[in-house]
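Protein chains in written order, with my numbering: chain Y, 243 to 603; chain V, 243 to 603; chain W, 243 to 603; chain B, 243 to 603. C-beta: ideal position from N, C-alpha, C; glycine also. Written below as structure tokens is the structure these notes are about.
Number of protein chains: 4
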Amino acid sequence: MKKLRCVLIGATGVAGQQFVAALAKHPWFELTSLAASTRNAGKPYAEALKNSNGMSGWFVSEPLPEWVAQHVMQSGDEVRAGDFDLAFSAVEAEVAKVLEPKLAATIPVISAASAFRYEDDVPLIIPPVNSVHAGLIEAQKARRQGKGFIAPIPNCTTTGLAISLAPLEQAFGVKAVLMTSMQAVSGAGRSPGVTALDVTDNVIPHIAKEEGKVEIETKKILGTSSAPHALGVSCTCTRVAVLDGHTEAVHVSLKKKASAAEVAAIFREWKGDVASRGLPSSPNKWIEVHDDPYRPQPRLDRDVHGGMATSIGRIREDSVLENGVKYVLVSHNTKMGAAKGAVLLAEMLYQQGFLGNSAGK
Amino acid sequence: MKKLRCVLIGATGVAGQQFVAALAKHPWFELTSLAASTRNAGKPYAEALKNSNGMSGWFVSEPLPEWVAQHVMQSGDEVRAGDFDLAFSAVEAEVAKVLEPKLAATIPVISAASAFRYEDDVPLIIPPVNSVHAGLIEAQKARRQGKGFIAPIPNCTTTGLAISLAPLEQAFGVKAVLMTSMQAVSGAGRSPGVTALDVTDNVIPHIAKEEGKVEIETKKILGTSSAPHALGVSCTCTRVAVLDGHTEAVHVSLKKKASAAEVAAIFREWKGDVASRGLPSSPNKWIEVHDDPYRPQPRLDRDVHGGMATSIGRIREDSVLENGVKYVLVSHNTKMGAAKGAVLLAEMLYQQGFLGNSAGK
Amino acid sequence: MKKLRCVLIGATGVAGQQFVAALAKHPWFELTSLAASTRNAGKPYAEALKNSNGMSGWFVSEPLPEWVAQHVMQSGDEVRAGDFDLAFSAVEAEVAKVLEPKLAATIPVISAASAFRYEDDVPLIIPPVNSVHAGLIEAQKARRQGKGFIAPIPNCTTTGLAISLAPLEQAFGVKAVLMTSMQAVSGAGRSPGVTALDVTDNVIPHIAKEEGKVEIETKKILGTSSAPHALGVSCTCTRVAVLDGHTEAVHVSLKKKASAAEVAAIFREWKGDVASRGLPSSPNKWIEVHDDPYRPQPRLDRDVHGGMATSIGRIREDSVLENGVKYVLVSHNTKMGAAKGAVLLAEMLYQQGFLGNSAGK
Amino acid sequence: MKKLRCVLIGATGVAGQQFVAALAKHPWFELTSLAASTRNAGKPYAEALKNSNGMSGWFVSEPLPEWVAQHVMQSGDEVRAGDFDLAFSAVEAEVAKVLEPKLAATIPVISAASAFRYEDDVPLIIPPVNSVHAGLIEAQKARRQGKGFIAPIPNCTTTGLAISLAPLEQAFGVKAVLMTSMQAVSGAGRSPGVTALDVTDNVIPHIAKEEGKVEIETKKILGTSSAPHALGVSCTCTRVAVLDGHTEAVHVSLKKKASAAEVAAIFREWKGDVASRGLPSSPNKWIEVHDDPYRPQPRLDRDVHGGMATSIGRIREDSVLENGVKYVLVSHNTKMGAAKGAVLLAEMLYQQGFLGNSAGK
């Protein structure tokens with residue numbers, strides 16, 4: 243099979259690096275160009291990662307592939323969409339607003355940026371949860387008169403939450419959710435990122451814009467492709483001294499009463515949308531349930547099933563909310579919650595025929 | 243003024259050490275004896291703190307007073323209550339069950355242990371919140387036929403929560419509260435404590451028995467001396483890599499609607515019970531309100547007003563709960579939440595004539 | 243091939259856990275019994291790992307094999323050597339003094355304990371460095387009239403240092419070494435271990451007995467089987483907030499002058515003793531050399547080649563010492579420096595016919 | 243007394259913030275203007291500290307004085323030296339090269355930057371160690387034809403080392419020193435600073451240019467004002483997960499043999515240069531000696547004597563170096579090692595009549 247030629251824009255940030263790792267040996271997609279800001283264009287990738295003291299900023303546990311290290315980057319502004327079958331985007335929202343539509347005129351853009359997540363004709367898909375929203379793509383292409391389209395993934399904090407709510411919604415209905423997150427520093431990227439001076443021996447009780455994103459995105463993902471879900475969502479997002487893996491303490495009000503045991507059983511049995519199964523990046527299980535009250539822990543559980551599963555434990559009934567249950571989840575913010583999750587989405591769209599398959603096959 | 247002669251039982255644990263620091267230069271109370279387990283009896287205090295590798299386990303930021311370092315400890319079992327006017331207790335709950343009643347037959351016992359917190363005739367007092375519960379002491383003495391009594395302080399995680407709820411209860415009424423804590427390692431003490439192997443680059447999603455304590459204690463403290471408050475309380479308690487200072491994300495359902503600004507104003511104006519003001523350990527303010535959304539942070543805010551104030555920020559309305567508001571608080575778990583809070587309670591009881599004042603004055 | 247039946251004594255400590263992981267799927271050795279203190283005898287292994295709050299103390303990144311979790315442990319005192327072909331020992335030195343000779347009367351004992359490291363007839367072997375010392379085993383058996391013997395591995399801090407010195411000794415001769423270590427918390431085990439209260443935001447400048455061990459062991463390992471090497475060794479051992487992987491800053495005085503480039507080349511080319519190559523636990527390379535001045539780092543480099551390689555970087559000439567060179571190394575303290583290193587030693591001894599091969603083959 | 247009017251250039255960096263804290267209530271010096279880069283000119287100081295997410299970057303434990311928070315900064319380029327009696331400089335070396343000479347044409351510049359440290363006519367003074375080097379100032383003024391002059395302080399890693407070597411030099415003579423540092427993250431400032439992603443669960447074995455600075459500066463400080471000391475200096479500088487306080491493991495070769503006890507006694511008795519005593523920022527003791535082998539620790543000892551003392555422990559003889567001794571020290575890198583150390587230097591120069599005293603007195 244001929245692989246799809248892919249360009250990655252925003253290649254040097256933490257999210258971009260995760261795309262490099264996720265695509266390093268991909269069976270369907272091949273990274274044929276890396277793009278970054280004008281400042282870094284013309285530099286080999288490994289050089290561009292260095293800070294002003296010469297220290298590498300490769301923040302991914304997998305080693306940097308040698309050919310990528312030496313790959314000379316081009317400027318994001320100068321990417322010619324026609325040279326590629328597909329673009330992955332890891333740029334900041336402001337840059338995404340300009341670059342993504344330009345590319346989408348010609349090719350599909352799978353994006354980790356928030357710029358277009360909230361547009362009505364843009365699907366916000368977590369493959370096991372709402373693969374059916376892919377139907378919006380046709381409407382988007384028609385309306386925007388593009389050969390390509392933009393398909394963003396949600397914020398990394400939304401991902402684990404929405405995955406945990408999906409089986410509850412299907413089994414019992416969800417009325418409302420209150421969530422407090424304890425988020426990893428890798429989610430903040432590099433600029434400004436989280437300095438050791440800020441987070442050592444500390445908790446930072448605020449992450450700019452995060453709570454609003456989670457509230458809107460959760461409703462969009464759990465809704466239909468034409469209307470958001472009516473559930474209430476309220477959250478507090480904090481940063482803790484953890485490298486990778488977001489932990490979330492979740493309290494849910496269900497439409498029908500369910501015991502902790504019933505909730506655990508529903509999580510255990512959940513298989514996710516058919517369209518999300520068996521893809522190269524799909525885990526064996528979307529949800530890993532723990533009985534040990536000391537689990538999940540981000541350091542121990544973030545990498546389970548390749549960082550693509552959501553680990554859930556401490557399932558208890560909640561005495562305060564109507565038909566309340568509560569639990570703690572851990573989700574890998576830079577794997578399922580970012581680049582690997584975006585690659586999974588690309589795989590699903592490819593499988594469904596949305597990705598230049600006429601050209602590619 | 244002649245100071246009250248005090249004995250400290252459980253002197254070598256983290257809580258015991260905090261009592262040593264809190265009483266080091268106290269104007270009313272004088273530590274005249276330190277007691278510990280039989281294993282440590284006969285040893286100078288500083289020796290008993292060492293682990294099997296000879297490393298000191300003095301975990302308090304204030305230096306260990308020289309006379310305490312050299313003080314030869316007695317066994318808790320052999321303390322003769324008649325030699326003292328007052329006992330402070332920092333022993334484990336199992337030990338407290340035996341030792342505290344023995345001492346209370348003769349002298350008042352101010353305790354950080356949980357053993358008697360849930361008895362009907364035992365008040366659970368945070369001085370600015372429910373000083374009026376001290377009235378239970380007479381009933382306790384009568385029923386238990388003691389010259390002394392037991393007055394415990396609440397769990398360190400309850401303290402900040404109850405302080406933040408008290409002004410809300412007074413102004414608006416509180417229907418229910420959902421809380422997620424991110425607790426400091428000092429709260430776990432030394433045995434077993436929290437190892438660096440567990441908590442580095444991690445969050446531990448469970449603290450044994452903690453959630454149940456917070457739920458029962460909050461109701462007892464906010465209630466009358468004869469009946470617990472009817473509010474709902476649901477929480478998730480986690481451990482993070484912070485040395486001191488518990489952070490809590492709180493969602494409250496009020497009886498009357500209030501805006502974030504009204505809630506902030508109520509917190510700012512709150513003065514606490516009259517009986518709690520002007521004591522040697524009282525802070526200038528019980529609650530410090532932050533407008534900066536990045537505050538409070540445990541490292542920056544735990545020591546404000548001598549570690550005796552609760553810092554509150556991120557006050558927002560909550561769209562999910564009825565008349566909902568939400569905020570984040572930081573409370574120093576080993577100061578206001580433990581030994582210094584117990585000393586504050588002793589000060590209030592002394593001021594009110596409950597502490598051997600006939601002898602002492 | 244029939245696997246050798248192995249008993250592990252001291253199975254519940256951090257070192258013991260690493261043995262469990264290292265032996266989980268071993269091609270030659272099979273763990274048929276786990277032993278621990280009398281207190282834990284009769285308990286399933288997973289139960290014995292829990293602390294008094296019910297929290298598991300499994301500190302190894304690999305998952306605990308299910309059969310081991312449920313394996314009912316016996317008391318170390320009651321192990322019948324005749325039931326096994328080989329014993330691995332991860333007990334404390336005091337216990338080792340008693341148990342290891344008892345077992346060694348019948349079977350070989352491969353030990354991570356320090357109890358017998360300094361005996362003249364006990365070899366202290368790092369397979370790539372001094373495999374030839376295995377010759378001492380015959381003398382030991384003769385002198386102690388045992389069917390088995392004791393073969394300990396060195397302290398985890400010695401291991402990386404000695405491996406880095408071996409190629410220098412062979413190429414240039416080593417006169418003296420000064421070393422400062424920054425050691426991981428996993429090296430301290432669990433009892434007393436390193437609490438988060440001690441090491442967070444901190445460096446602990448002393449590790450009990452560690453410096454003396456490194457000084458004596460380095461001389462023994464680099465010497466002949468009958469006499470220690472005459473080099474000078476001076477070190478300062480400290481503890482830092484790192485989970486796994488010891489970092490050592492090393493300054494060496496060579497007998498012959500060598501440039502940094504020559505030293506780097508010698509490290510790159512070094513293959514270790516023939517006897518150590520191609521064993522199941524042998525890495526592809528014993529030494530990984532870094533040109534990037536920001537490497538090696540314990541988090542990034544500890545697991546290279548399965549945690550069995552020593553990573554060396556920052557190779558520079560030293561202007562102060564005679565024929566001085568200096569470098570920084572990282573060595574995995576619980577893999578090559580402990581259990582996996584002990585299994586490697588067992589493999590080498592098996593290959594050379596020292597391990598019950600008459601019975602086993 | 244009329245206070246000297248001071249301008250601070252480079253006010254927003256971590257070092258600049260420390261100057262703000264050190265000068266907040268100074269009896270002799272008054273900060274009358276704060277300058278920063280053109281980008282920040284015109285902004286209130288507190289605004290300029292915020293990162294792109296609105297998070298404050300005030301990294302000093304003392305609270306930010308309200309008047310400073312609201313002080314509108316000017317551009318460093320536009321500072322008119324004639325408006326001030328004295329300048330403090332906390333700018334980067336590149337900026338210092340341009341700005342410091344411009345200011346020094348008119349007023350004295352006390353600088354934390356490295357730009358002029360290595361010039362022959364520029365003294366590099368630690369007041370208790372080499373106050374006599376102040377004599378170079380006259381030569382500098384003559385040669386550079388300035389009314390003012392530049393007086394830099396050393397690198398924060400040099401400071402503690404040189405202070406520990408001074409009494410040894412005076413008592414025994416020092417031939418050579420080998421040092422490994424474990425440095426705090428605050429030393430790296432904010433740009434690029436040290437991200438939590440780099441240093442959590444890690445050691446970084448290199449700090450750009452640091453080792454060269456320590457080697458040259460130590461020789462200059464311990465030498466005469468006309469020639470560097472001939473001692474050998476070799477070091478390895480690493481970064482660890484510590485907020486404040488550099489730890490250094492030091493091995494020294496003395497000219498005359500000395501026991502550990504003699505070295506400890508010399509440290510205990512050392513009083514520093516007469517010129518350095520009794521200044522507003524002078525500590526009661528320059529060196530604090532520890533007998534407990536687990537001290538000094540940066541978290542416990544960095545703030546002793548206001549962060550102005552060097553804590554030394556683990557004093558032992560070194561068997562490898564000629565007349566060798568070894569010890570571990572902790573020095574506060576942003577107090578004695580940076581801004582407060584610079585203020586101390588200004589105090590000493592003021593006392594000696596070097597600072598606009600004609601105007602000031």
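Interface flag, residue i vs chain W, CB-CB below 8 angstroms
i	result
threonine 401/B	no
lysine 568/B	yes
leucine 485/B	yes
tyrosine 536/Y	yes
Expected contact under 8 angstroms - CB spacing of residue i and residue j to nearest Å
i	j	result
threonine 274/V	glycine 402/V	Contact flag wrong, Cβ pair sits at about 32 angstroms.
serine 561/W	serine 476/B	6 angstroms
asparagine 444/W	arginine 541/B	4 angstroms
lysine 577/W	methionine 550/W	6 angstroms
leucine 485/B	alanine 426/B	6 angstroms
CB of residue i within 8 angstroms of CB of residue j, strictly
i	j	result
valine 416/V	valine 505/V	no
threonine 489/W	proline 447/B	yes
alanine 283/B	alanine 253/B	no
alanine 311/V	isoleucine 352/V	no
leucine 496/Y	leucine 587/Y	no
valine 371/Y	isoleucine 463/Y	yes
glutamine 260/Y	alanine 581/Y	yes
serine 331/W	alanine 517/W	no
valine 531/Y	arginine 558/Y	no
Segment limits, beta strand (DSSP E) that includes residue i
i	result
aspartate 560/V	552-560
alanine 277/W	271-278
methionine 421/B	416-425
glutamate 530/W	529-531
lysine 568/V	566-573
Neighbour flag for residue i against chain B, beta carbons, 8 angstroms
i	result
alanine 450/Y	yes
phenylalanine 301/Y	yes
threonine 489/W	yes
Cβ of residue i within 8 angstroms of any chain V Cβ
i	result
methionine 243/B	no
valine 494/Y	no
Residue range of the alpha helix (DSSP H) that includes residue i
i	result
valine 337/B	335-346
arginine 510/Y	502-511
Closer than 8 angstroms to chain Y by CB, residue i
i	result
threonine 480/V	yes
threonine 552/V	no
aspartate 560/V	yes
Between the stretch 330-348 of chain W and chain V, which residues of the former have a C-beta closer than 9 angstroms to a C-beta of the latter? Here the close residues number zero.
Which residues, in order along the stretch 417-446 of chain Y, keep a beta-carbon less than 7 angstroms from a beta-carbon of chain V? If the cut-off is 7 angstroms between Cβ atoms, the stretch 417-446 of chain Y has Ala418, Leu420, Thr422, Met424, Asp443, Asn444, Val445 and Ile446 near chain V.
Selection of the stretch 283-301 of chain B by Cβ proximity to chain Y, strictly under 9 angstroms: For the stretch 283-301 of chain B, which is checked against every Cβ of chain Y, the residues closer than 9 angstroms are Asn293, Ser294, Asn295, Gly296, Met297, Gly299 and Phe301.
Using a Cβ-Cβ cutoff of 9 angstroms, what residues of the stretch 454-468 of chain V are near chain Y? List them in chain order. Only those residues of the stretch 454-468 of chain V whose C-beta falls short of 9 angstroms from the nearest C-beta of chain Y are listed: Glu457.
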